[in-house]
Amino acid sequence: MQILKNGKIIPMVGEPYEGDIAIENGKIHAMGVNLDYPNAEEINVSGCFVLPGFVDAHCHIGMWEDGIGFEGADGNDSYKPVTPELRAIDGINPFDNCFTEARAGGVTSVVTGPGSANVIGGQFVAMKTFGKSIEDMTIKFPAAMKAAFGENPKRVFSAQKTFYTRMSIAAQLRGTLLDALEYDRNIKQAKKKGEKPPKIDHSLEAMLPVVRGELPLKIHAHRADDIMTALRIAKEFNLKITLDHFT
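This is how it looks when you write it as structure tokens:
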């Protein structure tokens, strides 16, 4: 056991205070004033702030590996504009140096996943920044479904001559949501009638938790009009969403 002595503790609840934190097997065992455990290693942190681990609620850590280049670039896969079937846990390298750097900065948990090249980019994961496998590090998967409005999908897919406008981005998102709702209805109707369910569509399967209100759509948006489009579609389909960036 280790005891951090005389630190300025910033607790999750309540006012900051001068005190101690006992750590056992890498986890907090107790917090208080003048803690004393036989044979514990005492570390004097007088004058230091001691805070809970930071949580980065939106990042791409592990998807673009630190300093590697193309070999470690696994954050965007723009073979088509709508790719909800892509899963962050299949692209993250737990040994990426970014995780070490994050821990050094006090970040102990992250929500990470695909980038913003696609209209729908794939599934995010909530995970710890320590561990040797994605299975050990995962807190929740999927944690969200990534979507993007505005400049990034326009730039990527206009270069491919696939689409050019914000209207098309919104239309493709709406179309996918409508397809997922129909797919969901067909599944439920087949079950109700005791019939064979529709052929599995792994893209629409990934969208089912979104249209059922079980999984948030995590939306990349910068401009005010993109933000309003996201809100309009969320209201139209009764979606749970988060909005990221807002520059």
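In my numbering, the protein residues as written are 20 to 266.
Here a beta-carbon is modelled for each residue, glycine too, at the ideal position from N, C-alpha and C.
- How long is the line joining the alpha carbons of aspartate 39 and glycine 51, rounded to whole angstroms? 5 Å
- Message: Report the CB separation of phenylalanine 73 from valine 126 in whole angstroms; it is logged as a contact under 8 Å.
- Response: 5 Å
- Close beta carbons around threonine 148, own chain, < 8 Å, minus the five adjacent residues each side: Ile80, Phe118, Ala121, Arg122, Val126, Thr127, Ser128, Val129 and Met156
- Query: Of the choices Val64, Ile219, Ser135 and Met20, whose alpha-carbon is the least far from that of asparagine 58?
  - Reply: Met20
- Item | Whole-angstrom distance between tyrosine 56 and lysine 46, CA atom to CA atom | Computed Cα separation, rounded: 15 Å.
- Message: If I measure Cβ to Cβ from proline 216 and keep anything under 8 Å in the same chain, skipping five residues before and after, which residues do I get?
- Response: Only Asn205, Ile206, Ala209 and Lys210 meet the Cβ criterion.
- Classify phenylalanine 176 as buried or exposed, calling it buried when 16 or more other Cβ atoms lie within 10 Å of its own Cβ. buried
- Message: Quick check on threonine 184: buried or exposed, where buried means 16 or more other Cβ atoms within 10 Å of its Cβ?
- Response: exposed
- Could you tell me the boundaries of the alpha helix (DSSP H) in which histidine 221 lies? Secondary structure note for histidine 221: its alpha helix (DSSP H) is the uninterrupted segment 221 to 230.
- Task: Apply the 10 Å Cβ neighbour rule to glutamine 179 and answer buried if 16 or more other Cβ atoms are within range, or exposed otherwise.
- Result: exposed
- For methionine 82, which three-state DSSP category applies? coil
- Query: What distance in whole Å lies between the Cβ atoms of alanine 163 and lysine 237, which are believed to be in contact at a cut-off of 8 Å?
  - Reply: 4 Å
- Message: If the criterion is Cβ atoms closer than 8 Å, does the pair leucine 223 and valine 138 meet it?
- Response: Cβ distance not < 8 Å, so leucine 223 and valine 138 don't count as in contact.
- Message: Quick check on the DSSP output: what are the complete beta strand (DSSP E) runs of length 3 or more inside the segment 130 to 174, in order along the chain?
- Response: Those beta strand (DSSP E) runs which fall completely within the segment 130 to 174 and span 3+ residues are 139 to 147 and 157 to 167.
- Buried or exposed by the 16-neighbour rule on C-beta atoms within 10 Å, applied to glycine 134: buried
- Presumed contact (8 Å Cβ cut-off) between glycine 141 and threonine 102, rounded CB distance: 6 Å
- Based on Cα-Cα distance, which residue from Ala136, Asp220 and Arg106 lies nearest to alanine 240? Closest by alpha carbon: Ala136.
- Task: State buried or exposed for threonine 266, treating a residue as buried only when at least 16 other CB atoms are found within 10 Å of its CB.
- Result: exposed
- Spatial neighbours of aspartate 109 in its chain, beta-carbon cut-off 8 Å, leaving aside the 5 residues before and after: none
- Item | Nearest to leucine 258 (by Cα), restricted to the options Leu70, His264 and Gly232 | Gly232
- Task: Reducing DSSP to helix, strand and coil, say where glycine 91 ends up.
- Result: helix
- Message: Am I right that alanine 107 and phenylalanine 143 are in contact with their C-beta atoms under 8 Å? What's the rounded C-beta distance?
- Response: Alanine 107 to phenylalanine 143, Cβ: 6 Å. Contact.
- leucine 105 classed as buried or exposed, judged by whether at least 16 other C-beta atoms fall within 10 angstroms: buried
- From the DSSP output, which residues share a beta bridge with isoleucine 47? Ile42
- Give the straight-line distance between the Cα atoms of arginine 251 and serine 152, rounded to the nearest whole angstrom. 39 Å
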